[in-house]
Structure formats: C-alpha cells, structure tokens
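Here's the structure, in structure tokens; my notes come after.
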Amino acid sequence: MTKRALITGITGQDGSYLAEFLLDQGYEIFGMVRRSSTVTFERIAHLQDRITMVYADLLDQASMIEVLRTYEPDEVYNLAAQSFVPTSFQQPVLTGEVTALGVTRILDAIRLVNPAIRFYQASSSEMFGKVVEVPQKESTPFYPRSPYGVAKLYGHWITINYRESYDLHASSGILFNHESPRRGLEFVTRKISYNVARIKLGQAKELRLGNLEAQRDWGFAGDYVKAMWAMLQQDQPDDYVVSTGETHSVREFCEIAFDQVGLDWNDFVVVDEAFFRPAEVDLLIGDPAKAQDALGWKAETSFDQLVRMMVDADLDYLQGKLKGIS
Ligand code: NAP
Ligand code: GDD
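Its first residue numbered 1, the sequence shown is counted upward by one per residue in the working numbering.
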C-alpha cells in the first residue's frame with residue numbers, strides 16, 4: 001500500500017529535499033503550509049503537481065488535528081520552525097511558541113487522532129551550544145545558547161516524553177548544520193556563496209560577516225533527509241546524531257568559496273560587529289557513529305564539494321540559469 005507522509009515546513013530547505021526523496025520512495029506527500037500573502041513555494045515549485053498542499057499552522061492546534069483527521073498520514077515529519085538563531089534573540093516568545101510549543105501541539109494531535117502515526121522531530125546540534133564534550137553524541141549533556149536552542153531542547157524532550165508516556169513511535173534527529181543551494185539567504189553559508197557569486201559577477205564589492213572563527217560540522221541537506229526517513233523505518237523509535245564528524249570555520253568556508261571563482265577572500269570580507277550574537281556557539285562537531293551503525297547512514301558529500309556546489313549554483317542562479325533556490 002502507498003505510504004502517506006505529512007511534512008510540516010515543506011516550503012523550507014529540508015522540506016523540499018525530503019519531499020523529493022519520499023516521492024522517489026513512492027510516498028504520497030501532504031505538505032503543510034501556512035497562509036501567506038505571497039507565494040512561498042519557490043523551493044518546491046518543481047514538485048507542486050506531485051504534492052497535496054494542506055493549510056495549517058503550528059500555532060493553531062485545531063488546524064493540525066483537522067489535517068491529521070482529513071489526510072490520515074502514516075508518518076509525520078515535523079520540520080517547521082522559526083529556525084534562524086538571530087531572529088530568536090529578537091523574537092524569543094514567537095520562537096518558543098512555534099519551535100517549542102508547536103511540537104507539543106502536533107504530538108498531542110497525533111495522540112488524539114491516531115497514536116500509530118510515526119513522528120520525526122527536527123532536533124538540532126544548537127542544543128549542545130556551549131559544548132561540554134567533543135565530539136557531541138546522543139549522550140552529551142545539552143547547554144543551549146540561544147532562545148532557538150532552548151526552544152529546540154523543549155521540542156526534543158517533549159518528543160521523548162510523548163514516546164515514553166503514550167508509547168508513540170516518536171524519534172528525534174539531532175542534526176548538525178546542513179546546507180545546500182536552497183539554504184535561506186540569511187544563513188552564513190548561503191550568504192557567503194551568494195555574495196561570492198555577486199562579487200564575481202560585478203554586482204557587489206564586499207561581504208560583511210560576523211564571527212569568522214565559529215566552527216560548524218557542515219553537511220549537505222540532500223544527504224541528511226535520508227537519515228530522517230531511516231529513523232521512521234526502525235522497529236523502535238530513538239534519537240540520533242546526524243553529522244559528518246568534521247568541523248570547519250566560517251573563515252575556511254570563505255577561503256574555498258572565493259577560491260572557486262579565482263578570488264582571495266582577504267580582499268572582500270569585512271568583519272562587522274552587527275553580525276555578532278549576544279551568545280555564540282563556538283564549536284560544533286558531531287559523532288555520527290550511532291546513525292552509521294543503526295541506520296546505515298553516512299554523509300556522502302564532502303565539505304569542499306558542498307562549498308563549491310553552492311557557489312556554482314549561485315552563479316547559475318544569478319545568471320538566470322537556475323530557478324527555485326532563493
Ligand atoms: P527553514 O528553511 O527555515 O524552513 C522552516 C519551515 O518552517 C518553512 O517551511 C516555514 O514556512 C515553516 N514554518 C515556520 N513557522 C511556521 C508555523 N508557525 N507553522 C507552520 N510552518 C511554519 O528550515 P530548514 O533549514 O529546512 O530546517 C528544517 C528543520 O530542521 C527546522 O525545524 C530547523 O530548526 C531544523 N534544523 C535545521 C538544521 C539545518 O542546519 N538546516 C539543523 C538542525 C535542525 P514558511 O516558508 O511559510 O516560512
Ligand atoms: N547567519 C550568519 N550571518 N552567521 C554568521 C555571520 C553572518 O554574517 N558571520 C558569522 N556567522 C557565524 C554565526 O555567528 C554562527 O556561529 C555561524 O556563522 C553559523 O551561523 P548560521 O549559518 O546562522 O547557523 P547556526 O549554526 O546559527 O544555526 C543553523 O544550524 C543549526 C544547527 O546547529 C540553523 O540552521 C539552525 O536552524 C540549526 O538548528
């Protein structure tokens with residue numbers, strides 16, 4: 001029988017890759033979208049005729065109960081969130097409502113409508129924050145450093161709580177940073193690749209960034225969505241770190257990105273205090289051993305390939321050769 005999946009956050013970076021992957025697996029996809037005065041479907045425009053769009057909002061519990069009742073999914077992937085860390089400092093309460101309480105709303109809707117639905121929660125390495133162990137694994141204590149990280153930690157624990165209290169098949173993927181040509185323009189990797197392309201094409205003269213020393217474990221989003229699916233195919237629900245096991249600085253990302261277009265990053269990057277955060281996460285590096293052993297999952301795209309892929313895609317995008325990535 002054809003499996004049915006509901007994806008919240010389908011208009012986001014991960015939603016678009018997960019939808020592609022699940023369609024390839026033969027799933028029927030229901031994409032949860034919220035009402036907006038402009039169209040937000042750019043990342044999934046190429047899939048639109050193969051997906052059923054359903055309107056609901058993580059802030060509105062009744063809308064989610066209705067969606068589950070009407071479309072009867074077998075699996076729910078909760079990717080929706082206020083996901084940008086600086087915005088979480090400016091809008092901490094909204095971030096808590098969506099990114100934290102939104103998870104309870106959807107879990108409770110599952111409990112009420114059909115507790116047999118399998119659930120994936122998009123947890124985050126941002127929960128490790130000021131890290132107390134290197135590398136970070138599933139058992140590493142959490143120390144979030146932003147309202148976003150705190151909200152994700154709530155979402156993580158409420159997922160575990162509903163699993164233990166109501167026997168739901170609810171799993172959390174503790175995903176480390178993952179990027180792609182479809183990454184939002186405000187995140188550092190895409191900000192770099194997009195502006196490197198603009199500089200190369202003579203559309204910009206400099207790139208203003210914040211903390212160049214921050215280190216992240218960066219992978220490719222297209223690889224990471226496969227781990228989400230694999231978690232829901234296991235007999236037992238569980239939590240998994242998903243990462244490459246390597247870390248690189250923002251500075252290194254700049255070096256490779258400018259190198260891809262034959263330029264020296266030192267000539268264009270300007271450090272601007274405006275992009276520093278009230279509290280920073282200095283170093284993230286995940287240990288993906290459990291995901292490798294239990295799910296057979298492994299990151300396939302190297303850091304160097306990722307950076308160069310993003311710069312090339314932005315060059316194409318800015319020259320009108322590629323659509324659907326802004
Ligand atoms: P993203 O591109 O920012 O997408 C976020 C999605 O959430 C968008 O589809 C957005 O819809 C939707 N959304 C926001 N508020 C909503 C609400 N109130 N109701 C319903 N939908 C709402 O994020 P992403 O990079 O794909 O990440 C997917 C998930 O993984 C997020 O939960 C993120 O926090 C988490 N995560 C991401 C990473 C990473 O490195 N990318 C790492 C760890 C965890 P609109 O298009 O309408 O705004
Ligand atoms: N956005 C941004 N813009 N970040 C900058 C800049 C800049 O101009 N300059 C330096 N950085 C540094 C930030 O201070 C941070 O240390 C690092 O680059 C990465 O920032 P982001 O790309 O905004 O990502 P993030 O690590 O804060 O959060 C992302 O990854 C999390 C997983 O660890 C998001 O995708 C979260 O949703 C996700 O959970």
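The C-beta atom is built at its ideal place from N, Cα and C for all residues, glycine as well. All values derive from a computational prediction rather than experimental measurement.
With respect to the C-alpha of ARG4, the residue from GLU75, GLN25, MET53 and GLY12 having the closest C-alpha is GLU75. Taking the C-beta atoms as reference points, LEU232 is found nearer than 7 Å to TYR120.
Of all C-beta pairs linking the segment 111-118 to the segment 245-265, fewer than three are shorter than 8 Å, placing the two stretches out of contact.
Here GLY9 has GLY15, LEU79, ALA80 and ALA81 as same chain residues with Cβ atoms under 7 Å from its own Cβ, once five neighbours each way along the sequence are excluded. For ILE160, the enclosing alpha helix (DSSP H) covers residues 147-166. Out of GLU20, VAL271 and MET64, the CA that lies nearest to the CA of LEU47 is found in GLU20. Per DSSP, reduced to three states, the secondary structure at TYR17 is helical. Taking GLY102 as the centre and dropping the five residues before and after it, the same chain places the C-beta of LEU58 closer than 6 Å to its C-beta, in chain order. Within the chosen limit of 6 Å, the ligand NAP does not reach the beta carbon of ARG145 with any heavy atom. A Cβ-Cβ contact shorter than 7 Å links MET228 with GLY173. Taking a cut-off of 8 Å on C-beta distances, the segment 192-205 does not touch the segment 273-281, as fewer than three cross pairs fall below it. Contact annotation: the segment 180-187 does not touch the segment 123-138, with fewer than three C-beta pairs closer than 8 Å. Contact between PRO237 and SER139 is absent: CB atoms are separated by about 17 Å, not below the 8 Å threshold.
Between THR87 and ALA151, the C-beta gap is not smaller than 7 Å, which leaves the two residues out of contact. Distance from the CA atom of SER249 to the CA atom of PHE220, rounded to whole angstroms, is 16 Å. Of the candidates ILE7, SER123, PRO135 and ARG145, the residue whose Cα lies closest to the Cα of ILE158 is SER123.
For GLY149, the distance from the CB to the nearest heavy atom of the ligand NAP is not below 6 Å. Listed in chain order, the non-local C-beta contacts of THR244 below 6 Å within the same chain comprise ASP217, GLY219 and ALA299, local neighbours out to five positions each way being set aside. A distance below 6 Å between beta-carbons, with the five flanking residues on each side excluded, links THR2 to the following residues of its chain, in chain order: GLU28. At a cut-off of 4 residues, the continuous stretches assigned as alpha helix (DSSP H) that sit fully inside the segment 78-127 are 85-90, 92-95 and 102-113. Residue pairing of HIS248 in beta bridges, as defined by DSSP: ARG216. In the three-state reduction of the DSSP assignment, SER63 falls in the helix class, which pools H, G and I. In the DSSP assignment, GLU75 forms a beta bridge with ALA5 and ARG118. No Cβ-Cβ contact shorter than 7 Å links MET53 with ILE106. Taking the Cα of LEU322 as reference, the smallest distance to any Cα among VAL269, LEU153 and GLU42 is reached at GLU42.
Here DSSP, grouped into helix, strand and coil, assigns ALA170 to strand.
At the C-beta level, PRO288 and VAL225 stay beyond 7 Å of one another.
In this structure, DSSP gives ASP239 an extended state, which the three-state scheme calls strand.
Linking ALA230 to GLU252 through their CA atoms gives a straight-line distance of about 31 Å. Taking all protein chains shown into account, GLY26 has fewer than 16 neighbouring C-beta atoms within 10 Å of its C-beta and is therefore exposed.
Straight-line measurement puts the Cα of ILE199 at about 22 Å from the Cα of GLU213. Just measuring C-alpha positions, the residue of ALA56, TYR17 and ARG50 sitting nearest SER36 is ALA56. Comparing C-alpha distances from TYR166 to each of PRO115, PHE84 and GLN292 shows the shortest one belongs to PRO115.
Inter-residue distance for VAL39 and PHE89 is about 27 Å (C-alpha atoms, whole angstroms). DSSP links GLU179 through a beta bridge to PHE220.
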